[in-house]
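Protein chains in written order, with the numbering used here: chain A, 1 to 318; chain B, 319 to 858.
Glycine included, every Cβ here is placed at the ideal spot set by N, Cα and C.
All values derive from a computational prediction rather than experimental measurement.
A short worksheet on the structure shown next.
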Amino acid sequence: MDWMNQAAVSAQKSDAVFFYVFGLSVVFLIGITALMIYFVVRYNKKRHPKAEQIDGHVGLEIVWTLIPLVLFLSIFYYGWTNYDYMSQAPRDAMAVKVTARQWSWSFEYPNGKQSRVLFAPMGKPMKMEVRSADVVHGFFVPSFRIKIDAVPSRTNTTWFQATKVGSYDIECTVICGVDHSLMLSKVIVVPEEEFKAWYFGGEDAPEPGKSFRAAEAHPDLKDMPQGLAVLTAKGCLACHSVDGKPKVGPTLKALYGREEQILMAGTMKVVQVDDAYLRRSITNPTDQVVRGYPNAMPKTQLTEQELNEVVRYIKSLN
Amino acid sequence: MSTHASTAQPSYLVDTGARKGLMAWLTTTDHKRIGLLYLYSMITFFFVGVGIGFVMRLVQLTTFQKLISAQTYNALFTVHGVIMIFLFVVPGLPAIFGNFFLPILIGAKDVSFPRLNLASWYFFVAGAILAVLSLFTGGGAPDTGWTFYAPFSLKTGTNVSLAVFAAFVLGFSSMLTGINFITTIHRLRAPGMKWFRMPLMCWALYSTAWIQLLATPIVAITLVLVILERFFGIGIFDPSKGGDPLLYQHLFWIYSHPAVYIMILPAMGAISEILPTFAKRPIFGYKAIAFSSMSIAAVGSLVWAHHMFTSGMSATANMVFSLLTMIVAVPSAIKVFNWVSTLYKGSIDFQPPLLFTLTFIFLFCIGGLTGVMQGALALNVHIHDTYFIVGHFHYVMFGGTGMALFAALLYWFPKMWGKMYSKKAIYASWFPMFIGFNMLYFGMMILGMMGMPRRYYVHLPQFHTMHVVATVGSWLLILGLVMFFGTLLYAIFKGEKAEDNPWGGVTLEWTIPSPPPLENFEEIPTITHGPYHFEQQEAK
């Protein structure tokens, strides 16, 4: 089954604890249920018309306090030691800065290379330094059994050492707004040489793992108009289309000059979209919400130059 | 029954005061009527919550074509959580059965503060109305999940402030009920009703009341801080103003984890009442059960941060909270062993309340064991914030508290309304409910192990099969619920008249007529022995 796919050492550590607890649980559950059914049948009033008035048994109470206590403590200890391994990255791990924002992931490597999916060499420890640009998110790779929250103002870390080449889901696990469930990415685990070729290669170096992720090709920022590149990098296109298709937010196609009904400070207004409107919508999105759309857009930090490029690009869509 | 045929007092269901009909109910200070007011309002909210759950499951049935938008879906799971937690599971058993039976079980005529008791119900209704209003006013229904995690809850344009204020008002209802019960148990026990002669339901309500009283103010203050932060930007939780998002999580869970025990302790109390009656013998290990209730209340207040193992707390904090979590599992295990042993060498009269009690034990064991899995750190990292936890807490809250509430309802139904329901119809409702329940929530736990995160509007294709299984399970479960409550509703109006003591119970509620008279006892009884004393009955 898919969830048995152990693709990292941490997965083996976590699963070992799972099987230990699961085994104990099954024994306990079957035991309790069988005993319950047996008593109900054996001591049914037809077979056993007179109940024996038993108040309790101190010895038994002590036994069934101590045995569970010991078992629970063993579960604690096993869970703790394996977690200790899972939470402490080795010193030679490559540190990748992971930035979560509504609703996308980005990864930055020690040499400054950036990507939208996480490339990782097989068998090498990789340390994730997870931050958030806005609200709390969760960085989760089910096949590695690792998860750490991305909390604004903090840097949380986790690490993994992949044991299988392949492509694995990254999912956000903390509710972060309207497109929480689309806040996905991939870990692409490739042989070390292939990773190095990309990592040490120039800007034109081919991205690793193309063979098994052809379908997931993502647009190359270099070839885009600058405004579009900003929109792509900041994740805006998750909600706003540039081709007129309806999404979570209004489309950007033919937006400039359009008349929009907006909710502003509690009242409905009609405005014509101009530079000032666009800038305000980006820097303070909750101030003016277009009628019929949810009040869901996060504030996005853009430099003055990025803002200019975005506005220019939106104008060009008319 | 015959001994009470001559009773002069009319039943509490008959209006005897100056006001009649609805007004008599809305101004009542009778603990039994207030219990029923809670029951009717809560079952209504329960079905609203069920309806929302039904729609959420339908959304997961389709991978792409969606019935509702993502924003609406996020609002639905938030509202489902708020309704089910704050309007049903947390107040449920104490407010309904605590109100109705606590005074009767200890031989009192009413609670200590009857007017305050009615005020608690009005707080409850006011909170409920505010919660409903928050859906349709301001920026629309809140979309943060019932946990309102900062800073998202501070930034979202939806109506978080009003929803949070509703929870704040509901907190008052909970605290006032807590004060009332503590005082009642201390001051109004009948002569001879020593602490260790109280039925175990009273012990459970007593420990619950202390948590309600001590933990609820913390969440109330936290929620006020969220409102202040949203309106005035005071910067307690918002990191861009120097606040700490983790502080919010700590404050939230300092209440909301003990709240889990507010939910489950009275359920355990009700189970401890039902078992002796149908086994016709005393509960096994009375003191062990009473003390385990108190120790759950105490240790349960120290485990809150096990909701935050992946939040970036220090490894030491994680270790300590994992250890304490394991320790709090022990008293729950003790209770399970004692319950099962209560069946040993009894003379078991198998009736619908017992079926639901055994169902409770089975489902609660699964809920508890999967809780232990989450307490184990290495495993928690994988299953935290996935469908595993969603499945787990439904086993505890619904399979535990919910099933116990159903069992208690079946057990005390003849006493409360003086009518008996169709036992066959109840047995018939059990099958779809039990099968549907396990398909739905065990399915969710498998999804969680596979890596399906919670609160997802769309799911990745590998999760689809299990989602279909869970959704079909939800239909069976709802079918069972409708049959169950349909049967009871029919019985209220058309049921046969019930005897005063249809199950052969020996606690005080079975010594008075069904339905009970306004002041419960013609004469306050004098207690000479423990609560589950069956020898006397055999002698008759």
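Contact check, residue i vs residue j, beta carbons under 8 Å
i: Ser143 of chain A; j: Met86 of chain A; result: no
i: Val714 of chain B; j: Phe682 of chain B; result: yes
i: Thr634 of chain B; j: Tyr573 of chain B; result: no
i: Pro225 of chain A; j: Gln102 of chain A; result: no
i: Ala268 of chain B; j: Thr396 of chain B; result: Residue 268 of chain B lies beyond the range of chain B shown here (319 to 858); nothing can be said about it.
i: Leu836 of chain B; j: Thr334 of chain B; result: yes
i: Leu903 of chain B; j: Ser629 of chain B; result: The displayed coordinates of chain B run from 319 to 858. Any statement about residue 903 of chain B would go beyond what the structure contains.
i: Tyr808 of chain B; j: Val824 of chain B; result: no
i: Leu451 of chain B; j: Leu488 of chain B; result: no
Straight-line gap, residue i to residue j (C-alpha atoms, nearest Å)
i: Gly736 of chain B; j: Asn819 of chain B; result: 10 Å
i: Thr300 of chain A; j: Arg279 of chain A; result: 11 Å
i: Met493 of chain B; j: Val578 of chain B; result: 15 Å
i: Val63 of chain A; j: Met36 of chain A; result: 19 Å
i: Met360 of chain B; j: Asn435 of chain B; result: 16 Å
i: Val373 of chain B; j: Tyr774 of chain B; result: 14 Å
i: Leu69 of chain A; j: Val638 of chain B; result: 16 Å
i: Thr844 of chain B; j: Leu641 of chain B; result: 45 Å
i: Leu317 of chain A; j: Ala229 of chain A; result: 14 Å
i: Phe760 of chain B; j: Gly709 of chain B; result: 6 Å
i: Pro834 of chain B; j: Ile32 of chain A; result: 37 Å
i: Leu453 of chain B; j: Phe442 of chain B; result: 17 Å
i: Val17 of chain A; j: Asn5 of chain A; result: 16 Å
i: Met738 of chain B; j: Ser329 of chain B; result: 16 Å
i: Gly475 of chain B; j: Thr390 of chain B; result: 14 Å
i: Tyr745 of chain B; j: Leu797 of chain B; result: 13 Å
i: Tyr729 of chain B; j: Thr675 of chain B; result: 10 Å
i: Gly202 of chain A; j: Gly112 of chain A; result: 12 Å
i: Ile262 of chain A; j: Ile282 of chain A; result: 14 Å
i: Pro509 of chain B; j: Val407 of chain B; result: 33 Å
Any C-beta of chain A under 8 Å from that of residue i
i: Ile684 of chain B; result: yes
i: Pro517 of chain B; result: no
i: Asn392 of chain B; result: yes
i: Gln389 of chain B; result: yes
i: Ala696 of chain B; result: yes
i: Pro600 of chain B; result: yes
i: Lys653 of chain B; result: no
i: Ile830 of chain B; result: no
i: Pro412 of chain B; result: no
i: Arg548 of chain B; result: no
i: His782 of chain B; result: no
i: Ala857 of chain B; result: Confidence at Ala857 of chain B is low in this model, with a pLDDT of 49, below 50, so its placement is unreliable and no value can be given for it.
i: Ile679 of chain B; result: yes
i: Leu434 of chain B; result: no
i: Arg773 of chain B; result: yes
Any chain B beta carbon closer than 8 Å to residue i
i: Glu171 of chain A; result: yes
i: Gly112 of chain A; result: no
i: Ala120 of chain A; result: no
i: Glu61 of chain A; result: yes
i: Leu69 of chain A; result: yes
i: Phe140 of chain A; result: yes
i: Thr65 of chain A; result: yes
i: Val230 of chain A; result: no
i: Ser87 of chain A; result: yes
Check: residue i C-beta below 7 Å from any heavy atom of the ligand FAD
i: Tyr713 of chain B; result: Ligands are entirely absent from the displayed structure, and the ligand FAD is therefore not among its contents.
Under 7 Å by beta carbon: chain D residues contacting residue i
i: Gly664 of chain B; result: Given the protein chain composition of this structure (A and B), no chain D is represented.
- Message: Residues of the segment 38-59 of chain A in Cβ contact with chain B at a cutoff of 7 Å, in chain order, please.
- Response: Phe39, Val40, Tyr43, Asn44, Lys45, His48, Pro49, Lys50, Ala51, Glu52, Gln53, Ile54, Asp55, Gly56
In chain order, each beta strand (DSSP E) run of at least 3 residues that lies wholly inside the segment 90-167 of chain A: 94-101, 104-108, 118-121, 125-132, 137-141, 146-150, 156-161
What runs of the alpha helix (DSSP H), each 4 residues or longer, lie entirely inside the segment 393-426 of chain B?
-> 408-411, 417-423
Quiz item: For the segment 788-817 of chain B, which residues have a beta carbon sitting closer than 7 Å to at least one beta carbon of chain A?
Solution: none
Item to complete: Name, going along the chain, the residues of the segment 622-639 of chain B whose beta-carbon falls closer than 8 Å to a beta-carbon of chain A.
Response: Thr628, Ser629, Gly630, Ala633, Asn636, Met637
Exercise for the section: Mind checking the segment 5-36 of chain A against chain B and listing, in chain order, the residues whose C-beta falls within less than 7 Å of any C-beta there? Expected result: Lys13, Ser14, Val17, Phe18, Val21, Ser25, Phe28, Leu29, Ile32, Thr33, Leu35, Met36
- Message: Can you pull out the residues from the segment 842-853 of chain B whose beta carbon lies closer than 7 Å to at least one beta carbon of chain A?
- Response: Phe852, Glu853
- [ ] Entirely within the segment 755-842 of chain B and at least 4 residues each: give me those alpha helix (DSSP H) ranges in chain order.
- [x] 782-812
- Whole alpha helix (DSSP H) elements within the segment 18-90 of chain A, 4-residue minimum: 58-87
Positions along the segment 143-156 of chain A whose CB lies within less than 7 Å of some CB in chain B
Arg145, Ile146, Lys147, Ile148, Asp149, Val151, Pro152, Ser153, Arg154, Asn156
Report the start-end ranges of each beta strand (DSSP E) in the segment 644-709 of chain B that is 3 residues or longer and not cut off at the edges. none
- Give the residues from the segment 701-713 of chain B that approach chain A closer than 9 Å (Cβ to any Cβ), ordered along the chain. Ile701, His702, Asp703, Thr704
_chain B contacts made by the segment 170-193 of chain A, where a contact means CB separation under 8 Å_ = Glu171, Cys172, Thr173, Val174, Ile175, Cys176, Gly177, Val178, Asp179, His180, Ser181, Leu182, Leu184
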